[in-house]
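A short write-up of the structure that comes next.
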Amino acid sequence: MRGSFAVTTTGSDWRQALDQALAGFERNVPGLAFLFASYHYAEAYGDIVEHVGRLLGPEILLGCSGQGVIGTGREIEDEAAISLMALDLPGADLTVVRLNQRDFASTHGPAGWIRRMGIEPPAVNAWVVLADPFTFDVSALIDVLGLAYPGVPVLGGMASAQPGQRGTRLYSGNEVLSEGALVLAVGGGWTVHAVVSQGAEPIGQAWTVTAAEGNVIKTIAGRPALEVLVETISKVPPAARERVSQNLLVGLAMDEYRDEFKRGDFLISNFMGADRATGAIGVGAEVRVGQTVQFQFRDAAAADDELRVMLAGAHETLGSTAAGALLCSCNGRGAGLFGAPDHDATAVAGRFGQLPVAGLFCNGEIGPVGGKNFVHGFTASIAFFVPTHA
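Numbering (my numbering), first residue to last: 43 to 432.
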């Protein structure tokens, strides 16, 4: 079988499981392959990468370790598993750059980063990043890419391992890396369409911040921020009030000049607490005076609803043009949040059918909100690989 495909396999004998899963697929696949292996195979990562490279022979092989892995319509969280996707992207210009934390000390300014990446801005339609969360500052990378390559979306995720452990690994070609980041530039006739579902539902109305310092909101619409928050929760129907108050978040609008705000227009930040004496509240991000905020909450129902709405919009835009999708889901989602396995993967399959999908449960997800790239938590970040005309 030629073209794009994805397979997910389980079993203690990884070699037999992979060979059975790949039976019937062409060797020497064109283009790009993604490989994700759960921490159960930690001792065999090198052998798995070498085996996949020899069996499929992709031009580019990228991947990393995961607490769990994701495939087409399937999420495997508690057992040994491998997810593999090969994408046929004719006309794509694909370049992989390896980075480590030392690069930040030796590379300066947008021009320096363009030289370091070795790619001129017009040649990059999108970036895909896989990184080790313990040795690499992904937020800093996103900042410098935003300066050097303005307007270019960045998607991906941070590798994970056994719960409570470090020891994540990155895969590039036939090598297994213990630090840094892998950055894939997607150019030519292909790009990435982003769906970033932060799992939140707005409550009340949108407000304007009138006094703030750092991550502290002092006043909203000229009133103590805590007073506005209490009033907002009091207007929630009693049956839903506990659901809201136990999962409270704050949405920061990325563009204050919209006539109306909807999901996807806000960067979702944690509610950090309140000072009853001053009426100020703390949030998990920097806030500026004049910024629009709206209180939000997150639970399984809200996360399910938001993802399905966003996928419906993506399908309306893309139709059947996508070659495949990279799904990076927070390790706080999955069965632990939704009460059953396969939630995010089946939501994608519900809209896009048997579209090839591969991914993992991450230590942080990367994706754009309101045209700006961020590292998120509790998010499903999905990169659909599409022709530029889509």
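Note that CB positions come from ideal geometry on N, CA and C, so glycine has one too.
None of the values given here were measured: they were computed from a predicted structure.
Open item on the list: If contacts are defined as beta-carbon pairs under 8 Å, then L104 and L172 qualify, I think. What distance do you get, rounded to the angstrom?
Closed with: 6 Å
Task: Residue of F427, A165, V225 minimising C-alpha distance to I184 - done: V225
TODO: Would you kindly check if the distance between the Cβ of G95 and the Cβ of G198 is under 8 Å?
DONE: no
Open item on the list: For I433 and L368, what's the separation of their Cα atoms in angstroms?
Closed with: Past the edges of the chain, shown from 43 to 432, lies residue 433, and the structure says nothing about it.
- [ ] Return the chain-ordered ranges of every alpha helix (DSSP H) run that is complete within the region 124-187 and spans a minimum of 4 residues.
- [x] 145-148, 151-159
Open item on the list: Let me confirm a value: S125 is counted as buried when at least 16 other C-beta atoms fall within 10 Å, else exposed. Which label applies?
Closed with: buried
- [ ] Would you list the one or two residues that DSSP bridges to W56?
- [x] DSSP output for W56 lists no bridge partner at all.
TODO: Figure out for me which residue from S287, N405, I275, G315 has the closest Cα to the Cα of N257.
DONE: G315
Task: For G324, the three-state DSSP class (helix, strand or coil) - done: strand
Open item on the list: What does the alpha-carbon distance come out to for the pair P279 and G361?
Closed with: 38 Å
Task: Same chain, Cβ closer than 6 Å to T50, neighbours up to 5 away in sequence not counted - done: G113, R116, S125
Task: Nearest-angstrom Cα separation, counted from P195 out to E217 - done: 27 Å
- [ ] Name the one or two DSSP bridge partners that Q396 has.
- [x] None, per the DSSP bridge assignment.
Open item on the list: Is the separation between the beta-carbon of L402 and that of F78 shorter than 8 Å?
Closed with: yes
Open item on the list: So, for S46: in the same chain, excluding its five sequence neighbours on each side, which residues have a beta-carbon less than 7 Å away from its beta-carbon?
Closed with: A128, L129, D130, A365, G366, P398
- [ ] Check R340 in the structure and name its three-state DSSP category.
- [x] coil
Task: First through last residue of the beta strand (DSSP E) which encompasses D317 - done: 308-317
Open item on the list: Just verifying my parser: in three-state terms, what is the DSSP assignment at I22?
Closed with: In this structure the chain extends from 43 to 432, so residue 22 is not present and cannot be described.
Task: Length of the line joining the Cα atoms of F339 and Y299 - done: 23 Å
Open item on the list: Whole angstroms are fine: how far does the CA of R375 sit from the CA of A342?
Closed with: 9 Å
Task: Inter-stretch contact (C-beta, 8 Å, three-pair minimum) for the region 381-393 and the region 342-359 - done: yes
Open item on the list: Tell me the DSSP secondary structure of E284 in three-state form.
Closed with: helix
Task: CA nearest to the CA of A425, picked from R265, A267, H235 - done: H235
Open item on the list: What would DSSP say about S239, mapped onto helix, strand or coil?
Closed with: strand
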